[in-house]
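K.L.:
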Amino acid sequence: MKEYSIIIYGRGGQGAKTLAQIIAEAGMIEGFNIQAFPEYGPERRGAPVRSFVRLSKQKIRKHYPVTHPDYLIIMDEDLLETNKEICKYKCPIIINSKKTKTHFKTYKNAYVIDASKIATELIKINSPNIVLVGVFLKIFKKIKPENVKQIIKEEFTNKNKKHVIEPNYKCLDKGYNYF
Amino acid sequence: MKEYSIIIYGRGGQGAKTLAQIIAEAGMIEGFNIQAFPEYGPERRGAPVRSFVRLSKQKIRKHYPVTHPDYLIIMDEDLLETNKEICKYKCPIIINSKKTKTHFKTYKNAYVIDASKIATELIKINSPNIVLVGVFLKIFKKIKPENVKQIIKEEFTNKNKKHVIEPNYKCLDKGYNYF
Amino acid sequence: MKEYKEIGGVLYSKKTPVKKTGSWRYLKPAWNESKCIHCMLCYPKCPENAITLKKGKIIKRGKVNYDFCKGCGICAEICPVKCIKMVEDK
Amino acid sequence: MKEYKEIGGVLYSKKTPVKKTGSWRYLKPAWNESKCIHCMLCYPKCPENAITLKKGKIIKRGKVNYDFCKGCGICAEICPVKCIKMVEDK
Amino acid sequence: MNMKKAISGGEAIAHALRQIEPEVFAMYPITPQTPIIEAYALFEAQNKVKTKLVRTESEHSALSVAIGASCSGVRATTATASQGLLYMYEMLGVAVGLRLPIIMPIANRSISSPINIHCDHSDSMSAIDQGWIQMYCENNQEAYETTIFLQKLIEKVCLPGMVCIDGFFTSHTVENTHLFEDKDVKKFVGKYKPVYDLLDTKNPITIGSLALQDNQFKIKTEIDIANNLVPSAFKEVSKEFKETFNKKINLYEDYFASKSEIVVVVLSSSAGTVKDVVDKLRRKKISVGLLKPKLYRPFLYQEYKKVFKNAKKIIVLDRSFGYGSVPPLYKDIKLCVSEISRKIEVFSFVYGIGGRDFYPEDAEKIIASVIKK
Amino acid sequence: MNMKKAISGGEAIAHALRQIEPEVFAMYPITPQTPIIEAYALFEAQNKVKTKLVRTESEHSALSVAIGASCSGVRATTATASQGLLYMYEMLGVAVGLRLPIIMPIANRSISSPINIHCDHSDSMSAIDQGWIQMYCENNQEAYETTIFLQKLIEKVCLPGMVCIDGFFTSHTVENTHLFEDKDVKKFVGKYKPVYDLLDTKNPITIGSLALQDNQFKIKTEIDIANNLVPSAFKEVSKEFKETFNKKINLYEDYFASKSEIVVVVLSSSAGTVKDVVDKLRRKKISVGLLKPKLYRPFLYQEYKKVFKNAKKIIVLDRSFGYGSVPPLYKDIKLCVSEISRKIEVFSFVYGIGGRDFYPEDAEKIIASVIKK
Amino acid sequence: MDYKQLSKKINTKKVLKSGHSTCPGCPIGIIFRTILSATDEDVVCCGATSCAEVTTSIYPYTSWNVPWMHSVFANAAATISGVEQAYLARKQKGNIKKKIKFLAFGGDGGSYDIGLQSLSGALERGHDFVYVCYANEAYQNTGSQRSSNTPYGAYSTTTPAGKKEFAKNFTEIAIAHNIPYVANANPYDLVDLYNKAKKAFETKGPAVINVFAACPTNMKAPSNQTINISKLATETNFWPLYEYENGRYKINYKPSKKIKIEEFLKTQTKFKQILKSKEDIKKIQTKIDNQWKKLNKKSNFT
Amino acid sequence: MDYKQLSKKINTKKVLKSGHSTCPGCPIGIIFRTILSATDEDVVCCGATSCAEVTTSIYPYTSWNVPWMHSVFANAAATISGVEQAYLARKQKGNIKKKIKFLAFGGDGGSYDIGLQSLSGALERGHDFVYVCYANEAYQNTGSQRSSNTPYGAYSTTTPAGKKEFAKNFTEIAIAHNIPYVANANPYDLVDLYNKAKKAFETKGPAVINVFAACPTNMKAPSNQTINISKLATETNFWPLYEYENGRYKINYKPSKKIKIEEFLKTQTKFKQILKSKEDIKKIQTKIDNQWKKLNKKSNFT
Ligand SMILES: Cc1ncc(C[n+]2csc(CCOP(=O)(O)OP(=O)(O)O)c2C)c(N)n1
Ligand SMILES: Cc1ncc(C[n+]2csc(CCOP(=O)(O)OP(=O)(O)O)c2C)c(N)n1
Ligand code: SF4
Ligand code: SF4
Ligand code: SF4
Ligand code: SF4
Ligand code: SF4
Ligand code: SF4
Ligand SMILES: [Mg+2]
Ligand SMILES: [Mg+2]
C-alpha cells in the first residue's frame, strides 16, 4: 500500500511544523499511520526550514527526511528562490503567493493561492497554515476536512480561544474550495 | 638478598609517617631500595595509625602493607593496648615509654626508651621521631647515622630553621647511643 | 606524523564564508534619505549592522545592506524623524 | 526477587555500633567538682559531648565520659573558675 | 477518551510519566530533551499531575534533587541529553550506589566538541557500565511503553534506569501513539514501596556514609549482583505487563535475525529504517535479519548467542565511536560472538554521528559490502 | 645534583611537571591527588617554576582553565581523581574535540556511592573510549618517566592524556626515584608548538563552533584517526626518549608473558606484586607470566595477540566492575583474544575494589584456581 | 561619547560581522558591537553556550573578527581565566608584547544559573577580565525555558502558568563579590553601555556588566519593539541603570516620572496571564519600589 | 536561652552522638549540637562531603541520631531541595502528618566554592530549609588546601607562601539572594548561635547561617584554643556577628574596644609568614575596618 509523503517549505516562526502536524493528525483520525517532523537547526525566526509528513495505512518504520515527496507545500514563494532543489520534484506543489499561476511556469502541477491574504482577512493574522491545509486536503482527497475541524476545535477550546474556531473553519473551507 | 620491613605504630599527628620516611630516606642514601607509606583513613589527629618501611638491596615491587615485620616501632605505649596483634610478632620492638623494660614482659625483644622526654628536653617539643630513629639505626646496623644527619640538615636548611639542626643531631645520637 | 592544519574544527575568521540573512526578511526598511538628520541613532541599534556609514569626514548614515537586513523594523521604530518605513519586500 | 534489607550501605542509627575515641587522648581533664559553679559553659563547648549532665531538676554538670573525651583541653581553657586541669592520662 | 494521539516521542514519554505520576520531577532544559519537560510542565499547569516540579539551575542539581527525593520515599525523575548527562555524570554512580530506582529519559544527542544538537549515542554510551539499566527505543510507541515498563523494572532490582530515544528522530517526531488508560498504568506500577525512607524520623537512617575497603567492595558487589538479576526481573515484569496491557515487551527484537545468515545489529530509530531494508532484501531472497537490542545494559551476552544461531556475518552499526578501542555495541556483540565456537564474522560500522541521516540506501550499501567480503 | 630522591609517587609526578614547566596549572584538591598539587604549589612558593597556578573552585573549572590556556598557545595541566574526574567529565570531550595536548595525572580512586578514598580504577575506567590517551604506572619511577614521556606523545598526536597512578599505593608511597636532569627533560619536551593560537589577535580564530551533522562527523572521525596514530607515535617518542635519557619506554611490559602458558594481565601497582608471584611460581616450574599494559588507551589489540602466542589461559585482573557487562580490561583482552584462532581461555577477576589490599597470596590463589579449571 | 562617535567606533572595529543567525530584532548584535567597540586594545572573547554563541559560529561560518572561543555552557569565566593566565605567562616570557583585554559572556542561564559558580571563582581569584551577562530572561537557545532570571509571573515553556518566584539578583551577587566594577546596563542607552564597557575594560581585575536583553522571541513581542521595551524596563525601574565602582554605588539614571510596571508588562505577551491579576501586579510593583528605594539608599550612603 | 538551658536542650536531643572522628578540639561537634538543638521539630539533614561528613559516618558507624544523608561534595542544597519536595508531596497526600525541618550543610569549600551554584539555585527556588556553612577556612578534609574562604596571607598546602586574595564574602552573597534570613555566627557565643538557628528554623523559606569554625588543624593552633580564637575573630571584627532578616541588617555584637587584627593572626601559626609584613597587616586591618564601617552603615539605614 502506498505511503504518501509531503515536504513543506516555510520559514522559522511561520508554522511549517504546525502545518505538518495538523495534516498528520488529520490523517491519523482518518486511520493513517503518520509521521510529522521538521528539520531542526540553530537558525532562528525567518530562516528557511522544512517540515515533513508521511501518511500510510501501513506501519511507518523509517526515520529520515522525505526524499521523494508526493506533495509540496511552499509557505512563502521566496523559498522557491532559496531552495533550488524544489524545481526538480515533479509532484503537485501548493504555493502561497500573491502572484498568479502563470508566474510559476516551471511547476507543471502548481496550485497557487494567496493564503496569507485569506488568513489575514479571516483570522487577522498572517498565518496561512489552515488555508494551505484546506488546499492540500482537496488535492489529496483521502482526508476529510472534518478531521481538521475537529483538531481546530479541540486545540482552541483547550487554549480558551473558542472565538477563533469559526474563523479558522472558514480558512479551511476557503482553502478547500479554492480549487 | 633479604628485604627488611618495619611497622611503626603511632597516632595521627605524631609523625609516624615522617618517621618511616626518615628511615627510608636514610636507607636510600645507604644504597637501599626503599618504600615508606602510612595507612590512610578518615581518622584525625590522635587516632592510631600505622606506617610501613621496606628496605632492600633488590628492587621492591610489591605494593601492600607489611605483614611480617622485621622491626616494630611503637611511638606511644598506649598503642600496645589498642593494637592487640602487636604481641604476636616476635621481632625486635622499640617502645617509647616512660616505663622500664620490665613492664613489657610479653615482648622478648623490647627496647624501651622515653624518647618523648628526651625530645622535649632537647628540641622543646614532644616529637620522639628522631630519637626513635637513632635507636632503630643502632639495632638495624645497616644504615649510618650520618645519613640521617644529612637529611636533618637539608630539611631544616630548606625550612630556614638552621638553629634546630644541632638539637636534632643530639636527639639522634641520644637514641643511637642509648642501647 | 600527519601535518595538522585546521584541527579541532578551528575556523580562521579571515577565511570563513559569510552567511547572507537577507532572505529572512518579510518587510524591508525604506529610508527617506532627504528627511534623515543623521543622528546615528539607528546605526548602532541595527541588530545586523546592516545600515552602512557613508565615507567622509562627517559621520553620516548610508543605505541598508539588504544582504543582511532581516527587516526587524527597529530602525524604523526608533528613528526620531520617522524617515524609515517598513515596506513589503517584493 | 531478592529481599533487600540494608541496601545501598544505609545505616540504621538505632542499630549502629559506637566508636570510642578516648584512646586518642594524651592529656585528660581533671575536674574539681567542688570548685565548679555549674555555669555550664563547658558542656555545650565540649566537641565530643563527653561532659555529662547530672540528673535532677537543677542543671548541673557531671563527670567526663572518658570513652569519648579526646583531651582537647577546651573545657579547661574556658572554665571561668578554672576548676578543670589537664593532666597526664596514664 | 480517545487514546490514539499524534504526539512526539518526547510527549509520549511525558504522557507515560504523567500516568506514573512521580512525586518529584527535577528538570533542566537541553535540546532535544525539551519536549519531555515542556509537555510535563504543561500537565502541571493544567493540574493534570500533582508532581512537584523542581526547575534546577543545572543537571548536576537536577539529578541530585531526584536522588534526594528518591531517598525520601517517593518516585523521582529527571530527563536529559548530551552535555546534560555529562554535567551530571558524578551523580550517576550515587544513584546506583544508593540503589535508587530513578527513571531518566535520555534524548540521545551527540557530545561536544564540536557542539552539535543532533542525534547520536555518544552521550548515553559514555555512561554504560556504570550500573544504570539502559533501554533504547525505536519509535514513540516504544518510548511510551518502555517508560512505563522500566519504572517497574527498576523498582524490582533497585537500580536506576535510562530510557533512551533518538534525539529529534524520535523526541521531536510526531507519530500516532496509542496510550494506555491512566488507571491501568497506575495499577501496573502500583503503590511505591521504597526500601528505605529518609523521612522516617522515628527510625533515623544514615545514607551515603564513607565505606572503607572491604565495606565498599561488598556494597559494590551487590550492585553487580543486582545487574545480573535484571534479565530475569525483566521477564517477570514483562509477564505483568502482558497481563495488564495485553502486550508483550521483549528484551530485544529478533526481526528474522535468528533465521538469517546476515544479521544487522542496531539500536533505536535506525532499526525501523533497517527493517524496511531487510524486507526488501529478503524479497530478493537475501538471508538477512535484524537484531535490535532494547535492553542494552545489562547486555544479554547469553541470549544473543541464540539469536545468532544461523548467522555467518554480523553487521554492527554504532552511532558512536569507541576512541582508542572499538565502538561499544560492536564490542559487546563481538564479545558475545567470541563465545560461539562456530566462526562468525563481525563487521563494525559507525554511522549517523552528529545526527547525519541514515537512509535505506546506506544500510543497503553496508550490507552489500559485507556480502562481498 | 643528587637525582635520586625519596619521594612519593605524587611528588614524582610533580617533579616531572616541574621539569616540563607548563605555563598554566589549574588545581583543585582531592584525595589522593593532593601530593601532586601540594608539591607543585611548594615549587611555586620556592620560585622553582614560573607556572601560573590557578586554584579553581571546582574540577569542572580546573579542566576548563586548562582548556582555555591550552587554546592560548601554552602547555597546561591539571590533576584529579575519583569524584573530581567525574565532576569535570563534561570537559573531557572538549579537550579531545579541540585536540588539546593537556596532560592530566590521575591518582586512581574508587567512586561514590558509597564514598571511599582508596584506590581502584573505577574513576579512570569511566573515562575510557572518550579519546584521552591513558597510561597506567606501576611505581613512582614509572609515574615520573611516563609523565615526561606522555607530554611529548600527546603533543605529537594532538590528544589529551592521563597518567594514572594508584591512589596511596603509588601517590602516597615514598620510593627511591631517579630524576633526570632538568635540562634534559626540557630538551626532550622541547619548545611548545601549538597547532593554533587564540592569542594571535592578528589572525583571529573561532574555536568550538557549532558543527552540524556532516561537519561534526568529519571532525570526530579525525579524532578516531588520531587515536589510531598513537601506537606509531609512541614508538617515535620512545626512540627520542631513549636517545635523551638512555632508557626505553615500552607500550607494555611483557614479563615472561609471551613465554608462558598462563598469562596474568593487570595494571599499575599490583603488577609489581604479581611479578614477585610470577618469579616464585616460575621457580616452581609453573609456566606463568605477566602482561602489564602501560598504554591502555588506545588499546593494543594487535600487539597483545603476539604476547599471547604461547598462552593457554589468561587471567585478567580488573580493579573496577563493568556493571551490566564485564570489567573493562577483561573485555579488551577478551576482544583481542577473540581474534586469535587458537583456543585460549580468558578468566576475569575483580580485585581490590575500594582499595582492598592485594597480597601475593591473593594472586597465588587466583592462579591456582585457574590452573585447576 | 555620543551616538555619532559610537557609530564610527563600531564601524571601524567590525568585530562582530553581519550574517549571524539571531532572530530579527535580537539585541545580541547591538549589545556586543557596542561593548566590543569600547576598547582600542585587542580583545579575546569567550562565550558560554547560548543564543549568542550558537547564532554566531555555525561551522564553517563565524561572525567573529576577534579571537573567540566557546567551550561549554557552564564555564565561560573559567575558560577566560585560563586564557588570561596563559597570556600573563607568555607576557612574562616576552612571548607576547601587546596588551590584550579579555571578555567572557553568557546569557542569564549561563550566568545566573549554570555558570554562576565558575564566575564566582574567577571573580574571587581576581582575573583581569570583563564578564558580560546578556539577560534575556530565559533559556532562549533551547526554546524559552525558565531561568532564575525569568521574571515573576512570566510565561516560559517550563512555567506555562507563569513563574512563581522573583528573579535572582545577579548584579547584587556580583557586587557581593566586592570586585572593582559592576554595572547594570541596557541597550536602549548605548552611550551608557559604551561608557560602562569602557570602564570595565579599563578596570584592573574583574568587572561585570549585566545587560538587559529584550528578546522579542522570549517576550512574544514584535521584532521592532526591542528598543522600546528595553527603554520601558529602565523607565519603570524594572532594570535600573547603576554602577558599583570601588565600593560605591551610583545610579546612572533616575526616571523623571514614575511609570507603572504594567506599562512594561503590557508590551509582552509572556505577561498576558499575570496581567489579569491585580494582586500580582501590585506584588511586582511593591518589589520594584522597594528595590529602588534600597538602591537609592545604598547610593546615598556610599 | 542561656547556657544552662542550652545544655539541657543539647543533652535531651542528642542528635549528634559522641564517638565521631573529628580532631581533638574540632568545633564541628559544638556547632552542630547547638544548631540542631534549636528546634523541637524533627529535623532531616543533608551534608556535603567534608570533615563534618567524613568524621561522622564511617561505615558501619554513624554519629547521627537524625535522618541524615550525604551525596557528594557540590550538592547539599540540591539534595535537600529534593528531600523537601518529596516531603511536601507526601504531606499533600496525607502520607506524612508531622512537621519536618530541613537542614543542609557544607564546609567553606562546599559552600563558598563547589557547592555555591547548587545553593544559589535552591535559594532562588525558595525551598524551606536552613543552610549552614561551617567556615574553617580551607579544604580540611583533604588536608588544608586553599579555599576561597582562606584568609589573605594564610598558609595552606596549596598556598605555602600565603594566599594572595582576600576571602570571598559568602554571607553577603547569600544576602544578595534576598532570602528571608541570613546570619553570621560564631561558636564562642553559642547562645547567639542557638538563637540564630532557632530563627532560621522558624523562617518560612530559605535561611543561611555562616558559622566561623576555628579548626585547630588548619590554624596550626593548640586544640584547646578553638574557643579563644573564635572569640578573637569576632572581637577583632574579622568575623562580625550580624543578621539580615526580612531585608534588614542587624549587628548583634559591637566590640567595646578595638582589638587589632594582629592579636587574632598571632594565635595561628598559619599566619606566621604574613605577620612578618607590616604592610600586609595594615592591608588586612584596612579591609576589616572598611567592612565594619560598611556593615554599620547598612545596619543603620535599614
Ligand atoms: C550542561 C548543559 N546543559 C544544558 C545545555 C543546553 N543549553 C544550551 S544553551 C542553553 C540555554 C542558554 O540560556 P542562556 O544562558 O540564558 O542564553 P540564551 O540562550 O538565553 O541566550 C541550554 C539550556 C547545555 N548546552 N549544556
Ligand atoms: C567533586 C569533588 N572534588 C573534590 C573532592 C575532595 N574533597 C572532599 S571533601 C573536600 C574538602 C572539603 O572542604 P570544606 O567544604 O571546606 O569542608 P572541610 O573539609 O574543610 O570541613 C574535598 C576537596 C570531592 N569529594 N569531590
Ligand atoms: S535614526 Fe533616522 S534620522 Fe537618525 S540617522 Fe537613522 S535614519 Fe537618519
Ligand atoms: S530593519 Fe532591522 S535589520 Fe534591517 S536595517 Fe533596520 S534595524 Fe537593521
Ligand atoms: S565551665 Fe567550669 S564552672 Fe562551668 S560548669 Fe564547667 S567546670 Fe563547672
Ligand atoms: S578535654 Fe575536650 S573532649 Fe575532653 S571533656 Fe574537655 S572539652 Fe571535652
Ligand atoms: S531567541 Fe532571543 S536572544 Fe536568542 S537569537 Fe532570538 S532574539 Fe536573540
Ligand atoms: S581538620 Fe579541622 S574541621 Fe576537620 S575534623 Fe579536624 S579540627 Fe575539625
Ligand atoms: Mg537567556
Ligand atoms: Mg573547610
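Chains as they are written, first to last, in my numbering: chain X, 5 to 183; chain W, 5 to 183; chain L, 7 to 96; chain S, 7 to 96; chain Y, 128 to 500; chain R, 128 to 500; chain H, -18 to 283; chain C, -18 to 283. The beta carbon of each residue, even a glycine, is placed where N, CA and C say it ideally should be.
In this structure, does DSSP put C:Asp261 in helix, strand or coil?
P.N.:
The sequence position of residue 261 of chain C within the eighth sequence is 280, counting from 1. Correct three-state label for C:Asp261: helix.
K.L.:
Give, in chain order, every unbroken run of the alpha helix (DSSP H) that is at least 4 residues long and sits entirely within the segment 91 to 144 of chain H.
P.N.:
List check, alpha helix (DSSP H) in window: 97 to 106.
K.L.:
CA-CA distance, Y:Thr333 and Y:Gln146?
P.N.:
Position 206 of the fifth sequence, counted from the first residue, corresponds to residue 333 of chain Y. Position 19 of the fifth sequence, counted from the first residue, corresponds to residue 146 of chain Y. One C-alpha to the other measures close to 32 Å.
K.L.:
Cutting at 7 Å between CB atoms, please list the residues of its own chain near C:Tyr68, excluding the five before and the five after it.
P.N.:
Translated into the one-based positions of the eighth sequence, residue 68 of chain C becomes position 87. For C:Tyr68, where only same-chain residues beyond five positions count, the Cβ hits under 7 Å are Ile77 and Ile81.
K.L.:
According to DSSP, what are the bridge partners of X:Val53?
P.N.:
Position 49 of the first sequence, counted from the start, is the residue given in the question as residue 53 of chain X. Answer is X:Gly14.
K.L.:
Tell me, which residues are paired with C:Trp45 by DSSP?
P.N.:
In the eighth sequence, residue 45 of chain C corresponds to position 64, counting from 1. For C:Trp45, which the question treats as bridged, DSSP gives the partners C:Leu(-3).
K.L.:
Excluding five sequence neighbours on each side, which residues of the same chain lie with their C-beta closer than 6 Å to the C-beta of X:Tyr111?
P.N.:
Taking the first sequence and counting its residues from 1, one reaches residue 111 of chain X at position 107. Excluding positions up to five away in sequence, the list reads Ile97.
K.L.:
For the candidate residues H:Ile265, H:Ser258, H:Phe54 and H:Ile9, whose alpha-carbon lies nearest to that of H:Leu(-3)?
P.N.:
Here residue -3 of chain H refers to the residue found at position 16 when the seventh sequence is read from its first residue. Nearest option by C-alpha distance: H:Ile9.
K.L.:
Can you give the Cα-Cα distance for Y:Glu282 and Y:Pro228, rounded to whole angstroms?
P.N.:
Here residue 282 of chain Y corresponds to residue number 155 of the fifth sequence, with the count starting at 1. Here residue 228 of chain Y corresponds to residue number 101 of the fifth sequence, with the count starting at 1. Approximately 5 Å, taken between the alpha carbons.
K.L.:
Just to confirm, does H:Cys196 get its C-beta within under 7 Å of one of the non-hydrogen atoms of ligand 7?
P.N.:
Translated into the one-based positions of the seventh sequence, residue 196 of chain H becomes position 215. Yes - ligand 7 has a heavy atom lying nearer than 7 Å to the Cβ of H:Cys196.
K.L.:
Return the CA-CA distance between Y:Leu417 and Y:Tyr486, expressed in angstroms with no decimal places.
P.N.:
On the fifth sequence, position 290 is the one that residue 417 of chain Y refers to. On the fifth sequence, position 359 is the one that residue 486 of chain Y refers to. When rounded, the distance between both Cα atoms is 16 Å.
K.L.:
Does ligand 2 have a heavy atom nearer than 7 Å to the CB of C:Asn117?
P.N.:
Looking up residue 117 of chain C in the eighth sequence gives position 136. Checking the Cβ of C:Asn117 against ligand 2 gives yes.
K.L.:
Pick out whichever of X:Gly14, X:Lys105, X:Ile27 and X:Pro69 has its Cα sitting closest to the Cα of X:Ile156.
P.N.:
Numbered from its first residue, the first sequence carries residue 156 of chain X at position 152. Minimum Cα distance to X:Ile156 is reached at X:Ile27.
K.L.:
Is there a C-beta anywhere in chain L that falls below 8 Å from the one on R:Gly224?
P.N.:
As a position in the sixth sequence, residue 224 of chain R is number 97, starting the count at 1. Closer than 8 Å to some Cβ of chain L, the Cβ of R:Gly224 qualifies, so yes.
K.L.:
With a threshold of 16 other CB atoms inside 10 Å of the CB of W:Cys91, please say whether the residue is buried or exposed.
P.N.:
Looking up residue 91 of chain W in the second sequence gives position 87. Exposed.
K.L.:
For a contact defined as C-beta to C-beta under 8 Å, what are the partners of C:Thr30 on chain R?
P.N.:
On the eighth sequence, position 49 is the one that residue 30 of chain C refers to. In chain order: Gln210 and Ile242.
K.L.:
I'd like to know whether the C-beta atoms of R:Val151 and R:Ala193 end up nearer to each other than 8 Å.
P.N.:
Position 24 of the sixth sequence, counted from the start, is the residue given in the question as residue 151 of chain R. Position 66 of the sixth sequence, counted from the start, is the residue given in the question as residue 193 of chain R. Going by C-beta atoms, R:Val151 is nearer than 8 Å to R:Ala193.
K.L.:
May I ask which residues mark the beginning and end of the alpha helix (DSSP H) holding H:Pro8?
P.N.:
Within the seventh sequence, the letter at position 27 stands for residue 8 of chain H. Looking at the DSSP string, the run of the alpha helix (DSSP H) that includes H:Pro8 is Pro8 to Leu17.
K.L.:
Between R:Phe448 and R:Ser249, what straight-line distance do the alpha-carbon atoms span, to the nearest angstrom?
P.N.:
Start at 1 with the first residue of the sixth sequence, and residue 448 of chain R comes out as number 321. Start at 1 with the first residue of the sixth sequence, and residue 249 of chain R comes out as number 122. Cα to Cα, the separation comes out at about 7 Å.
K.L.:
Within 10 angstroms of the Cβ of R:Gly317, are there 16 or more other Cβ atoms? Answer buried if so, exposed if not.
P.N.:
Taking the sixth sequence and counting its residues from 1, the one referred to as residue 317 of chain R is at position 190. Classification for R:Gly317: exposed.
K.L.:
Under 9 Å Cβ-Cβ, which residues of chain X neighbour H:Val35?
P.N.:
Position 54 of the seventh sequence, counted from the start, is the residue given in the question as residue 35 of chain H. Neighbours of H:Val35 on chain X, chain order: Pro46.
K.L.:
Of the choices Y:Cys291, Y:Asn303 and Y:Val312, whose alpha-carbon is the least far from that of Y:Asp247?
P.N.:
Taking the fifth sequence and counting its residues from 1, the one referred to as residue 247 of chain Y is at position 120. When only C-alpha atoms are compared, the closest one is Y:Cys291.
K.L.:
Check the Cβ of W:Glu29 against every Cβ in chain R and list those closer than 8 Å, keeping chain order.
P.N.:
Within the second sequence, the letter at position 25 stands for residue 29 of chain W. Chain R residues near W:Glu29: Ala133 and Val301.
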